[in-house]
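Numbering (mature numbering (1 follows the signal peptide of the UniProt record, and there is no 0)), first residue to last: -20 to -1, 1 to 137.
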């Protein structure tokens, strides 16, 4: 493991440990997802940071500048991370609504790719803070016959 990977991993673990102090404690599922995403995508985190000059996680305390947002939207490594973050459970980690960040950044980058100007950092932050994520997909309610029931029906015919 590279030295820089260890430093970032320690920072991620420190952020996870800080949850006990947060007013909104995130689900254990999100903690595990963040850690597994970082471990599986450490190179993408490194490359995204290099491409954009912005550290996506742990949150550095300031939104990316417009040039950094442009670089995030243009970086394949950042796109992978934003897509993964958008699948996280809808709760906060160290007071950061990670899933909302991913969903809003996906929208911002998609609009930018289609010729829309990038919104300023404050507007992106407001969109994240006021974003209502879509509900997770509802479980399928279709009643498909099981193989056993289907075989029984076929035998009767």
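Backbone N, C-alpha and C fix where the C-beta goes; we use that ideal spot for every residue, glycine too. All figures in this text were calculated on a predicted structure; none of them were measured in a lab.
Check, Outcome
"Let me know the secondary structure DSSP gives residue 49 once reduced to three states.", "helix"
"Please classify residue 32 as buried or exposed, where buried requires at least 16 other C-beta atoms within 10 Å of its C-beta.", "buried"
"Mind checking whether the beta-carbon of residue 68 lies closer than 7 Å to any heavy atom of the ligand ZN?", "Inclusion of the ligand ZN in the displayed structure is not the case, the ligand content being empty and no account of it being possible."
"With the cut-off set at 8 Å, would you say residue 83 and residue 21 are in Cβ contact?", "no"
"Would you kindly check if the distance between the Cβ of residue 10 and the Cβ of residue 73 is under 8 Å?", "yes"
"With a Cβ-Cβ cutoff of 8 Å, do residue 18 and residue 36 count as a contact?", "no"
"Name, in chain order, the residues that DSSP records as bridge partners for residue 73.", "76"
"Just tell me which of 85, 92, 97 and 91 has its CA closest to the CA of residue 104.", "85"
"Quick one: measure Cβ to Cβ for residue 88 and residue 78, integer angstroms, because I've assumed they're closer than 8 Å.", "In fact, because the Cβ distance is near 15 Å, the residues do not count as touching under 8 Å."
"How long is the line joining the alpha carbons of residue 70 and residue 109, rounded to whole angstroms?", "13 Å"
"Give me the Cα-Cα distance between residue 13 and residue 65, rounded to the nearest whole angstrom.", "9 Å"
"Just the C-alpha distance for residue 95 and residue 48, rounded to the nearest angstrom, thanks.", "17 Å"
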